[in-house]
Structures are given as structure tokens and as C-alpha cells.
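**Student:** Numbering (our numbering), first residue to last: 26 to 361.
Please read through the structure below; I'll follow up with questions.
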Amino acid sequence: MQSYDTIVVGAGPAGLTAARVLAEAGRNTLVLEKNRTIGQTICAGGLTVRDMEYVPKNIVDSEFNYMLLHTTKGSYEVDLGSHPVFTVDREKLGQWMAKEAQKAGALIMTASRVSAVDENHIVVNGEKIGFDHLVGADGSNSIIRKSLDITVDKTAIGIQYLSKTLRNDLEVFVDDFRDILVYGWIFPHKGFTSIGMGGKTGKGALMRRSLDMLCDRLNIERTRFEAARINIDYKGFVFKNMFLAGDAAGFASGLTGEGIYQAILSGDDIAKGILNKEYRYPGIKNILKIKNRQENILRILSLNRNIPQIVFNKAVPFFLKRRNLCRMINNKYNVV
Ligand SMILES: Cc1cc2nc3c(=O)[nH]c(=O)nc-3n(C[C@H](O)[C@H](O)[C@H](O)COP(=O)(O)OP(=O)(O)OC[C@H]3O[C@@H](n4cnc5c(N)ncnc54)[C@H](O)[C@@H]3O)c2cc1C
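Structure representation (C-alpha cells):
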């Protein structure tokens with residue numbers, strides 16, 4: 026049986042970062058990806074300044090220094106100051122990250138779906154391959170997580186259209202729609218626009234109806250619909266010689282569904298932990314601190330219908346105006 030120091034399952038941002046760091050340190054590293062093409066992930070491709078420590082500017086589609094924030098009471102233009110937001114085509118990001126991992130010496134095999142896992146080998150396309158360490162970076166429906174008997178009890182759902190209609194502004198809207206707190210976005214890219222919503226799993230049909238209405242109201246063509254669950258249920262990441270990174274571990278934010286940064290940082294930390302047994306995982310500790318804070322905010326917002334109304338229609342604009350960061354504009358778009 027062929028064997029590797031580390032097998033990484035999944036060529037998303039978590040897996041490719043882990044593979045690059047391990048290969049740079051001279052470790053014999055194999056990445057297995059079920060898809061033929063790397064980077065074909067359901068995602069709006071929004072990045073913050075934190076991501077830009079790991080992503081070169083020449084591959085991003087756009088940079089935004091202000092955004093339009095729409096609430097039930099009105100719309101605001103918000104100055105993003107020193108926190109611009111970027112959009113990136115996930116396929117372009119995946120291809121760039123794969124090249125970096127390969128340059129460092131990692132071997133990447135596509136069209137390679139892992140179908141079974143044991144404590145020292147995996148099965149891929151009917152063949153057994155051995156490992157000393159295994160990194161499960163295989164996303165929200167992780168087979169590695171399942172093999173460890175770790176259930177996923179909390180998920181969020183993200184839905185979007187990738188539209189041919191081009192838009193100029195980065196737009197975010199928050200709405201309390203028939204008891205579901207909806208976070209929506211319009212993220213312009215080069216050549217397409219992502220318009221989507223994130224919210225509670227189980228409310229997908231309602232969200233789809235309101236997304237359709239929003240597209241129609243804004244004359245945005247509903248070109249290609251996509252939806253996926255996001256695992257937000259963190260229950261640990263080190264299990265002897267097996268590790269869970271990114272969405273497989275449930276590191277994504279329960280508040281916004283954002284998970285690219287958490288995937289990159291956890292992949293980086295896990296690789297460093299494999300290289301040095303004394304490593305204390307500062308990146309993952311930081312992810313968990315922010316995740317807990319954001320999920321506490323979500324808990325408070327979900328306590329009572331009036332709370333999101335007060336927060337988004339009064340407190341947030343008041344705070345932004347006091348700091349001279351926003352001005353009210355008129356063209357508000359209701360989700361309903
Ligand atoms: C609609 C939507 C919009 C989003 N928008 C944003 C956003 O704007 N910004 C942001 O930060 N986050 C966003 N996210 C979340 C973000 O996409 C994920 O958090 C991020 O991709 C997680 O990276 P990952 O490497 O952990 O997993 P993934 O990117 O999911 O990569 C996992 C890889 O594993 C492969 N794989 C799975 N099973 C196997 C197997 N058995 N064998 C081999 N390979 C396997 C998959 O094909 C995939 O390539 C969004 C999510 C959704 C659903």
C-alpha cells in the first residue's frame with residue numbers, strides 16, 4: 026500500500042493551505058479532491074481585509090470602500106474606512122491556491138472521492154492509501170467527520186443566484202422576514218453578480234421566494250440558482266492523528282455564514298500543529314473566540330422580533346452616523 030506522511034481530503038481553502046504549509050516543510054503530502062476542477066464551490070466570494078493577508082490582490086475581482094446597507098426602515102451608504110471588502114471568483118482562488126501548494130511540493134489528485142476512512146488508511150477510487158496524519162478539509166458534509174462519529178447538529182443555509190446582470194455596488198441587507206432573520210447580499214464580480222441570502226436551515230423555501238422577489242424588483246436576471254448548508258457545529262478539531270479543518274470542523278460563522286478566512290487560518294494552524302507537537306493553535310483559538318461572540322449576538326437577535334428592528338433600524342445607523350461613517354439614502358429595497 027502506498028503511504029504518505031499526510032493525506033489532506035478536500036482541495037478547498039482549508040485543505041490547500043494545510044497542504045502548502047506541510048509541503049513547504051518538506052512533508053510528503055497528498056491532496057485528494059472529488060471534483061475534476063478545483064474551486065467549484067457554492068460561495069459568494071466575499072473577502073475581508075483579514076483574508077487579504079493570504080490572498081494576492083491581483084486575483085480579486087473588485088474592491089469596495091463603501092457599501093449600501095438596507096434595513097426595513099431605510100438605506101444607508103456606509104464608509105468601510107480601513108476595512109474594505111473584496112470579491113473573488115472561487116474557481117480563480119482555488120486554482121491559485123492549488124498552484125501554490127503544488128509549487129511547494131504537494132501532490133494533488135482530482136476526480137478522487139474518498140469513500141472510506143480507517144485509522145491509518147483511506148479508500149479512494151477503490152484503492153487504499155496509508156497515512157501518518159489525516160486532515161479532513163472536505164467541507165460541510167465531511168466524510169472524515171462522519172468517520173469520527175461526530176454529528177452535525179447545527180447548520181445554516183446559504184442560497185444565491187449567480188447572475189449575468191452586472192451591478193456596481195456592494196449591498197447588504199438585513200430584514201426580519203416572517204420570523205426569520207435574513208442576511209442578504211449583492212456582491213459584484215468581474216462578469217457576474219452573486220445575489221443571495223443566508224439564514225436558518227429549514228427556512229430555505231421562504232428565503233428562495235423572497236430572493237426571487239428581490240431579483241425581480243431590481244431587474245436582476247435569475248441566471249443560476251445554488252444552495253448549500255454550512256456546518257456551524259464546532260465539536261473539536263484534533264482526534265489523535267486525524268484533524269478537521271474549515272467547514273468540516275464547523276468553524277464558519279453562525280451569524281454571517283462566512284468561512285473562507287476560518288478555513289485558511291485553521292488549515293494553516295493544523296499544518297503547524299502536525300509539524301510541531303508543542304504548537305498551541307493560536308489561530309484556531311482566535312477563530313473560536315470570534316465565532317462565540319458572533320453566535321452570542323445571533324442568540325440575542327433571535328430572542329424577540331423587536332430586537333433586530335431596534336438594532337438594525339436604530340442602534341447601527343446611530344452608531345455609524347456618530348462616527349461619521351454613514352449617510353441615509355432613499356432607495357430602500359424591502360426583502361418582502
Ligand atoms: C451561498 C453561500 C455563500 C457563501 N459566501 C461566502 C462569502 O462570501 N465569504 C466567505 O468567507 N464564506 C462564504 N461562504 C462559506 C464558504 O464557502 C465556506 O466556509 C468555505 O468554502 C469553507 O472552506 P473549506 O475549505 O472548509 O471547504 P470547501 O471550500 O467546501 O472545500 C471542501 C472540498 O472538499 C471536497 N470534498 C468533499 N468531500 C470529499 C470527498 N469525500 N473526497 C474528496 N474531496 C471531497 C469538495 O469537493 C471541496 O472542494 C458561503 C457559503 C454559501 C453556501
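Backbone N, C-alpha and C define an ideal beta-carbon position, used for all residues, glycine too.
Bear in mind that the values here come from a model prediction, so they are computed numbers and not experimental data.
At a cut of 8 Å, does the region 179-198 reach the region 208-217 through at least three beta carbon pairs?
**Tutor:** yes
**Student:** Using alpha carbons as the reference points, say which of 109, 114, 80 lies closest to residue 86.
**Tutor:** 114
**Student:** In chain order, which continuous runs of the beta strand (DSSP E) of length 3 or greater are located wholly inside the region 76-119?
**Tutor:** 87-89, 91-95, 100-104, 110-112
**Student:** How about residue 57: is its Cβ closer than 8 Å to a heavy atom in ligand 1?
**Tutor:** yes
**Student:** So, with DSSP's three-state summary, where would you put residue 233?
**Tutor:** helix
**Student:** Near residue 60, which residues of its chain fall below 7 Å by C-beta distance, leaving aside the five closest residues on each side in sequence?
**Tutor:** 135
**Student:** Taking just the CA atoms, how far does residue 259 sit from residue 317?
**Tutor:** 10 Å
**Student:** Should residue 37 go down as buried or exposed, given a rule of 16 or more other Cβ atoms within 10 Å for buried?
**Tutor:** Flag for residue 37 reads buried.
**Student:** Between residue 162 and residue 292, is the Cβ-Cβ spacing less than 9 Å?
**Tutor:** yes
**Student:** Taking the alpha-carbon positions, what's the residue 7 to residue 118 distance?
**Tutor:** Since the displayed the chain opens at 26 and closes at 361, residue 7 lies outside it and no answer follows.
**Student:** Report buried or exposed for residue 58, applying the criterion of at least 16 other Cβ atoms within 10 angstroms of its Cβ.
**Tutor:** buried
**Student:** Is the region 120-129 touching the region 42-56, taking contact as three or more C-beta pairs under 8 Å?
**Tutor:** Touching, yes, given that three or more Cβ pairs across the two stretches are closer than 8 Å.
**Student:** Tell me the DSSP secondary structure of residue 161 in three-state form.
**Tutor:** strand
**Student:** Rounding to the nearest angstrom, what Cα-Cα distance links residue 256 and residue 183 in this structure?
**Tutor:** 11 Å
**Student:** Answer yes or no: the CB of residue 120 versus the heavy atoms of ligand 1, is any distance below 8 Å?
**Tutor:** no
**Student:** From what residue to what residue does the alpha helix (DSSP H) around residue 291 run?
**Tutor:** 285-300
**Student:** Identify whether residue 265 lies in helix, strand or coil by the three-state DSSP scheme.
**Tutor:** coil
**Student:** Among 71, 306, 104, 325, whose alpha-carbon lies nearest the alpha-carbon of residue 348?
**Tutor:** 104
**Student:** Which residue marks the beginning of the alpha helix (DSSP H) containing residue 347, and which one marks its end?
**Tutor:** 341-347
**Student:** Let me check one thing: in DSSP terms, what residues is residue 208 bridge-paired to?
**Tutor:** 199, 223
**Student:** Could you pull out every residue in the same chain whose Cβ sits closer than 7 Å to the Cβ of residue 326, ignoring the five residues on either side in sequence?
**Tutor:** Annotation for residue 326: 206, 332, 333, 336 place their beta carbon closer than 7 Å to its own, counting only its chain and skipping 5 residues before and after.
**Student:** For residue 149, which residues from the same chain have a beta carbon less than 6 Å from its beta carbon, with the 5 sequence-adjacent residues on both sides left out?
**Tutor:** Only 57, 137, 139 meet the Cβ criterion.
**Student:** Leaving out five residues on either side along the sequence, give the residues of the same chain with a beta carbon under 6 Å from the beta carbon of residue 53.
**Tutor:** 29, 30
**Student:** Within a Cβ cutoff of 8 Å, which residues of the same chain sit near residue 158, ignoring the five residues on either side of it in sequence?
**Tutor:** 30, 31, 32, 266, 267, 268, 299
**Student:** Can residue 364 be considered in contact with ligand 1, in the sense that its beta carbon sits closer than 8 Å to one or more heavy atoms?
**Tutor:** Because the chain here runs from 26 to 361, residue 364 falls outside it and cannot be looked at.
**Student:** Does the distance between the C-beta of residue 320 and the nearest non-hydrogen atom of ligand 1 fall short of 8 Å?
**Tutor:** No, the beta carbon of residue 320 sits no closer than 8 Å to any heavy atom of ligand 1.
**Student:** At the level of alpha carbons, what is the spacing between residue 352 and residue 101?
**Tutor:** 5 Å
**Student:** State yes or no: is the C-beta of residue 208 within less than 9 Å of the C-beta of residue 223?
**Tutor:** With contacts defined by Cβ atoms closer than 9 Å, residue 208 and residue 223 form a contacting pair.
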